[in-house]
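Heads up, the thing below is written out as structure tokens.
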Amino acid sequence: MREPVVGLEIHLQLKTKTKLFCSCSSDYIGATPNTNVCPVCLAIPGTLPILNDHAVELAVKMGLGLHCSISDNTRFHRKHYFYADLPKAYQITQYEHPIAVGGYVDIAAGGKTKRIRVHHLHLEEDAGKLVHPTSDGRLTGASYSLVDYNRGGMPLSEIVSEPDMNSAEEVLAYITQIRQLARYLDVSDGEMESGSLRVDVNISLRNDDGSLGTRVEIKNVNSLRSIERALGYEIARQNKVLDEGGCLVRETRLWDDVAGVTRSMRSKEGERDYRYYVEMDLAPISAGPEYVEEIRKSLPEMPWEKRERFIRDHSLSEEEAAQLTEQKETADYFEECVSAGAPAAKCANWMRMEVQRLLHEMDLPIEKFPVKASELGKLIVRVEKRELSNTQAKDVLAVMAEKELPVDEAIKACGVSCGKITGPALEEIIKKVFAGEPEAVETVRAGNDKKGAKVKFLQGLVMRETRGSADPAEVASLVNSMLK
Ligand SMILES: [Zn+2]
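Numbering (the numbering used here), first residue to last: 122 to 605.
In structure tokens form, the structure reads like this:
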């Protein structure tokens, strides 16, 4: 098998309130088609674009998160093509002067860290959406098409990587990392399902002499799973063509998720000339070092910094830290739980097991979890003090989640005899104390503890071990009977 070489173009829809060049709302999902439009985004002659500052700010944020240099002088170009999704017949995008250049992302794949270089990030407007209705969901065979311009003019930042990825695992790790960064920076929702994160894949195979083979672009991959499948299919297809002595064509292929194949869409040789030229209706943007510095200072802790800090300050394992920092909201919850006085290792454990399980059952994201982090912290503290057993605490947590109660009320509602260690739990502690003091136990059992000093000593140890949470009379009677 020849080594696959993959580069990605990721489009992130930026989280602004309005579109990139007009005041139409960016909240268009679910709206009636062609209601979220205005003369500017419909390209009525005589209208002019006005740049949305917030989109520039978000693009700079993302650029800084990707370790890019922010360009001092950036501007827009017109990219011409004629298609029904584009009412102006050109797209306003950045061509020769993108806003951010030359960054990188470190990914973890195959047990190693690998640096994927980012060529640049640029700003551009989105196109409308074409729908080709077919009865079976396939891409071909529709008898007509519908166009919806609600999405037209939405702000996108396109992140173009270098061809530094060599496996599906690396590709998925890179996309996941970009998505995590966009969410931490609150730049984009980064959801592939709703289309706020879209990926185009460029793939070629490396020949035996080290040279790169013909590059093929894959479009229409709408989930991580589709990307993985499309890559698997395309690597096998290209290898097969070459093995049989054939030649690959430089082309764009569409992934058909139903059939599980890629199909040729158009050959790159005949690709139209985009006739880029400067967008004279928009002035060049000169961000300036002060503006960039201000944004840099406003950046939150990055996901990889948080991960490192969790390992260092909370003594978590790599795996625990990675899981707890995957989403910012989960990381915040964890830290709040720790600041309620619960040990970090215990918080991590409860969150990864019990909280995860409940969230899954209730089908909720962590930010909607009805149990406050501070209340979970208090619950864990009570387990630590041995006022509750682990099993009891799990029941209490379930009640806290179900009935949205604070710890104390949930304990009452559960009818747990909280606050006292008794019965088998107490016997267990006594056994442990006996095991640690075999001489004292032997002395008593041999009848040589005439003044009862050793018995008192053992009872004292048990009381200390329960941190005062047991009834002294019960301790005395249990110690006595267990010494017999
Ligand atoms: Zn508009």
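Backbone N, C-alpha and C fix where the C-beta goes; we use that ideal spot for every residue, glycine too.
- Looking at the DSSP output, ALA221 sits in a beta bridge with ILE191, LEU242.
- The closest CA to that of HIS240, considering only ARG272, ASN271, SER282, is found on SER282.
- Counting only heavy atoms of ligand 1, the residues whose C-beta sits closer than 6 Å to one of them are, along the chain, LYS140, CYS143, CYS145, VAL158, CYS159, VAL161, CYS162, GLY274.
- The beta carbon of CYS458 is closer than 6 Å to those of CYS468, ALA494, LEU497, GLY498 in its chain, skipping five residues each way along the sequence.
- Note that the C-beta distance between GLY274 and LYS140 is below 8 Å.
- With respect to the 8 Å criterion, GLU124 and ARG327 are classified as neighbours on the basis of their beta carbons.
- Here the C-alpha atom of GLN134 lies approximately 19 Å from the C-alpha atom of LEU420.
- The beta carbon of PRO491 is closer than 7 Å to those of ALA522, GLU525 in its chain, skipping five residues each way along the sequence.
- Among the bridge pairs identified by DSSP, ALA230 is matched with LYS233.
- Going by C-alpha positions, PRO160 is about 14 Å away from GLY249.
- With a 10 Å radius around the Cβ and a threshold of 16 neighbouring Cβ atoms, ALA591 comes out buried.
- Residue pairing for LEU497: DSSP places it in no beta bridge.
- Between MET183 and LEU244, the gap from beta carbon to beta carbon reaches 8 Å or more.
- The beta carbons of GLN359 and LEU345 sit no closer together than 8 Å.
- In the displayed model, ASP516 falls within a helix according to three-state DSSP.
- The beta-carbon separation of TYR295 and ILE228, rounded to 5 Å, stays under the 8 Å limit for a contact.
- DSSP places ASN341 inside the beta strand (DSSP E), whose first and last residues are 337-342.
- Where PRO276 is concerned, the enclosing beta strand (DSSP E) starts and stops at 276-282.
- DSSP, reduced to helix, strand and coil, places ARG358 within a helical segment of the structure shown.
- By the Cβ neighbour-count rule, GLY186 is buried, with 16 or more other Cβ atoms within 10 Å of its own.
- For GLU372, the enclosing beta strand (DSSP E) stretches over residues 372-377.
- Pairing GLU338 with ASP321 gives a Cβ-Cβ distance under 8 Å.
- If you draw a 10 Å sphere on the C-beta of GLU488, you find fewer than 16 other C-beta atoms in it, and that means exposed.
- Between GLN301 and the set SER266, LYS340, LYS449, the nearest pair of CA atoms involves LYS449.
- For HIS198, the enclosing beta strand (DSSP E) starts and ends at 198-201.
- Under DSSP, TYR211 shares a beta bridge with HIS201.
- Taking the C-beta atoms as reference points, LEU318 is found nearer than 8 Å to ILE131.
- Of the other Cβ atoms in all chains shown, fewer than 16 fall within 10 Å of the Cβ of TYR265; this residue is therefore exposed.
- The bridge partners DSSP lists for ILE532 come to none.
- Under a 10 Å Cβ-count criterion, MET286 is classified as buried, with 16 or more other Cβ atoms of the shown protein chains found around its own Cβ.
- In this model, ASN601 and LEU437 are separated by some 43 Å (Cα to Cα).
- Between ASP193 and ALA351, the CB-CB gap reaches or exceeds 8 Å.
- Taking a cut-off of 8 Å for Cβ pairs, the segment 500-512 and the segment 461-479 touch, as three or more such pairs fall below it.
- Between MET603 and ILE551, the gap from beta carbon to beta carbon is short of 8 Å.
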